[in-house]
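In what follows, a single structure is set out as structure tokens and then discussed.
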Amino acid sequence: MARPLRIEYEGAVYHVTARGNERRDIFISETDFKKFLEYLREAKRKFNINFHCYVLMSNHYHLIIETPEANLSRVMHYINGSYTTYINVKRKRSGHLFQGRYKSILVDKDIYLLELSRYIHLNPVRAELVEKPEEYRYSSYRLYTSYRKDNLVTSELILSLTGRNSVNERRAYQCFVEAATGKKQDNPSKDIYGGMILGGHRFIKETLRRIKEDYHDRDEVSNRRALQAGCEIDEIVSIVSDYFKLSGTDIIKAASSKQRNIAIYLIRKSTGATNREVGIFMGGLTHSAIAKIYRKMILDIEVDRKLRREISQIKMNLDNFKG
Numbered sequence: 007m008a009r010p011l012r013i014e015y016e017g018a019v020y021h022v023t024a025r026g027n028e029r030r031d032i033f034i035s036e037t038d039f040k041k042f043l044e045y046l047r048e049a050k051r052k053f054n055i056n057f058h059c060y061v062l063m064s065n066h067y068h069l070i071i072e073t074p075e076a077n078l079s080r081v082m083h084y085i086n087g088s089y090t091t092y093i094n095v096k097r098k099r100s101g102h103l104f105q106g107r108y109k110s111i112l113v114d115k116d117i118y119l120l121e122l123s124r125y126i127h128l129n130p131v132r133a134e135l136v137e138k139p140e141e142y143r144y145s146s147y148r149l150y151t152s153y154r155k156d157n158l159v160t161s162e163l164i165l166s167l168t169g170r171n172s173v174n175e176r177r178a179y180q181c182f183v184e185a186a187t188g189k190k191q192d193n194p195s196k197d198i199y200g201g202m203i204l205g206g207h208r209f210i211k212e213t214l215r216r217i218k219e220d221y222h223d224r225d226e227v228s229n230r231r232a233l234q235a236g237c238e239i240d241e242i243v244s245i246v247s248d249y250f251k252l253s254g255t256d257i258i259k260a261a262s263s264k265q266r267n268i269a270i271y272l273i274r275k276s277t278g279a280t281n282r283e284v285g286i287f288m289g290g291l292t293h294s295a296i297a298k299i300y301r302k303m304i305l306d307i308e309v310d311r312k313l314r315r316e317i318s319q320i321k322m323n324l325d326n327f328k329g
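Numbers 7 to 329, taken from our numbering, label the letters of the sequence shown in order.
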């Protein structure tokens with residue numbers, strides 16, 4: 007069975023989730039919630055990690071974890087394994103508590119992380135358990151809006167993303183969260199690339215380069231197609247950029263340009279990436295926008311001789327690059 011590739015490196019930040027087997031409750035009593043938090047504190051001490059954010063719901067949990075020592079797998083094995091043993095002994099049961107392995111998304115340390123923290127902290131509100139996020143007890147939110155000390159949560163990174171000074175950043179974060187309370191909020195997962203990376207183009211590009219050798223010969227990895235496509239996209243953008251003497255960032259940031267559209271056309275023709283994946287990589291375009299650009303390029307190529315020559319030359323350059 008294909009398994010997800012775990013991206014681990016020093017200083018990485020992850021959104022980690024785990025759900026009860028068959029969506030059953032994993033936390034029933036107050037003691038259960040407290041015991042799980044004890045295991046988080048122990049994991050922080052044992053593995054030198056930072057918890058930036060958490061929410062514990064009845065049948066699942068969300069964590070934002072930073073790993074200075076590239077050890078996420080060990081951390082999660084300890085947390086889920088310890089808690090499963092505790093529940094099995096307490097309830098006189100055996101077997102799996104969680105539905106498969108935990109899910110981890112690598113997250114960029116920028117606006118994506120700020121948005122994600124808000125989405126996580128508003129989980130209890132969306133579930134209609136409380137009206138305000140600060141009313142929910144098993145969440146890190148109140149540690150963000152007060153100066154109460156806690157030995158589990160490290161709030162400085164996310165608070166710094168508000169762009170305010172240390173005096174005003176807690177109030178700024180509270181206003182940021184309250185602005186979305188009671189409103190429909192987009193799930194940040196819609197911007198996840200390859201089922202495992204949440205961030206901007208530069209972050210996706212750097213991550214793909216970082217892990218390319220690791221997944222290259224691993225056919226069992228479930229994300230392999232998306233990751234391979236991502237590296238191919240990066241190569242195409244680079245070749246198009248060189249041809250037109252532009253930077254890759256210039257092409258991706260262009261609201262509308264011939265160079266960007268050529269890159270999108272070649273990506274769609276030459277890789278296995280979906281329209282959605284291409285859109286995420288190319289600066290956040292929608293899948294329908296990618297489809298529209300691709301169709302337009304097909305028509306333009308039919309009538310534009312210069313465009314045909316340019317694309318033909320870029321294809322040759324790409325073939326030479328691949329060897």
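Even for Gly, the Cβ is constructed at its ideal location relative to N, Cα and C. Keep in mind it's a predicted model, so treat the numbers as computed, not measured.
Counted within 10 angstroms of its Cβ, other Cβ atoms place residue i as buried (16 or more) or exposed
i, result
"M322", "exposed"
"D240", "buried"
"C59", "buried"
"I34", "exposed"
"R311", "exposed"
"N54", "exposed"
"A49", "buried"
"Y153", "exposed"
"E308", "exposed"
"A76", "exposed"
"R215", "exposed"
"I304", "exposed"
"S195", "exposed"
Any non-hydrogen atom of the ligand NAP closer than 7 Å to residue i Cβ
i, result
"K312", "The ligand NAP is not part of the structure shown, which contains no ligands of any sort."
Neighbourhood of residue i by C-beta, 6 Å cutoff - its chain only, sequence neighbours within 5 removed
i, result
"L167", "L120"
"P130", "V136, Y142"
"V284", "I273, I296"
"M7", "Any reading at M7 must be qualified, since the residue scores a pLDDT of 41, below 50, and its modelled position is unreliable; the value itself is stated next. Same-chain partners within the cutoff: there are none."
"Y45", "I85, S88, Y89"
"F39", "F33, L62, Y144"
"E14", "A76, L78"
"T292", "G285"
DSSP bridge partner residues for residue i (one or two, in chain order)
i, result
"G26", "F104"
"R66", "The question names Arg, yet the displayed sequence has His at residue 66. According to DSSP, which records beta bridges pairwise, H66 is partnered with R25."
"A295", "In DSSP, A295 forms no bridge with anything."
"E72", "V19, N56"
"R109", "Note on residue identity: the sequence assigns Lys, not Arg, to residue 109. According to DSSP, which records beta bridges pairwise, K109 is partnered with T23."
"V159", "F57"
Rounded C-alpha distance that separates residue i from residue j
i, j, result
"K302", "L204", "29 Å"
"F209", "R97", "44 Å"
"G106", "E134", "27 Å"
"N65", "Q180", "26 Å"
"I111", "A18", "10 Å"
"D306", "L313", "8 Å"
Contact check, residue i vs residue j, beta carbons under 8 Å
i, j, result
"I273", "I320", "no"
"V183", "R124", "yes"
"I117", "L103", "no"
"K109", "T37", "no"
"I258", "H207", "yes"
"H21", "L165", "no"
"L128", "A186", "yes"
"I198", "I126", "no"
CB contact below 8 Å: residue i versus chain B
i, result
"R154", "No chain B is part of this structure, which consists of one protein chain only."
Residues near residue i by beta carbon distance below 7 Å, same chain, minus five either side
i, result
"L149", "D156, V159, S161"
Residues near residue i by beta carbon distance below 8 Å, same chain, minus five either side
i, result
"K190", "none"
"I242", "A269, L272, I273, S276, T277, L324"
"N326", "none"
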